[in-house]
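Asks:
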Amino acid sequence: MDLFQQIASNKRRSTALLILLLVLLAAFLGVLGGAYGSWEAGVAIAVVVGVVAFLVAWFGGSAILL
13 MDLFQQIASN
23 KRRSTALLIL
33 LLVLLAAFLG
43 VLGGAYGSWE
53 AGVAIAVVVG
63 VVAFLVAWFG
73 GSAILL
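Residue numbers 13 to 78, in my numbering, belong to the letters of the sequence shown in order.
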């Protein structure tokens with residue numbers, strides 16, 4: 013496996029992990045919101061938090077690690 017294949021593989025896996033984070037946040041906050049009356053609000057908050065986390069991780073991930 014050459015360098016460019018490793019980079020492409022890493023990008024695919026990173027994207028999959030960030031999507032998994034968004035799904036888990038939506039599920040958790042949906043259940044939490046449902047316990048307090050509105051699961052839709054919980055999922056909406058999770059989507060906003062997930063998108064922000066995705067953007068921070070995608071565009072600032074290397075700076076965070078360094």
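The C-beta atom is built at its ideal place from N, Cα and C for all residues, glycine as well. These numbers were taken from a predicted model, which means no experiment stands behind them.
With a Cβ-Cβ cutoff of 8 Å, do L37 and V61 count as a contact?
Replies: Reading the sequence shown from its first residue, position 25 is the one you call residue 37. Reading the sequence shown from its first residue, position 49 is the one you call residue 61. Yes.
Asks: Is it true that the region 49-64 meets the region 22-36, where meeting means three or more beta-carbon pairs spaced less than 8 Å apart?
Replies: Enough Cβ pairs lie closer than 8 Å, so yes.
Asks: Hey, is A69 close to the ligand NAP, as in C-beta under 7 Å from one of its heavy atoms?
Replies: Looking for the ligand NAP in the displayed structure turns up nothing, as the structure carries no ligands at all.
Asks: Need the endpoints of the alpha helix (DSSP H) that S26 sits in, please.
Replies: In the sequence shown, counting from the first residue as 1, residue 26 sits at position 14. Its alpha helix (DSSP H) spans residues 15-47.
Asks: Mark V55 as exposed unless 16 or more other C-beta atoms lie within 10 angstroms of its C-beta, in which case mark it buried.
Replies: Here the question's residue 55 lines up with position 43 in the sequence shown. Counting Cβ neighbours within 10 Å, V55 comes out buried, since at least 16 surround it.
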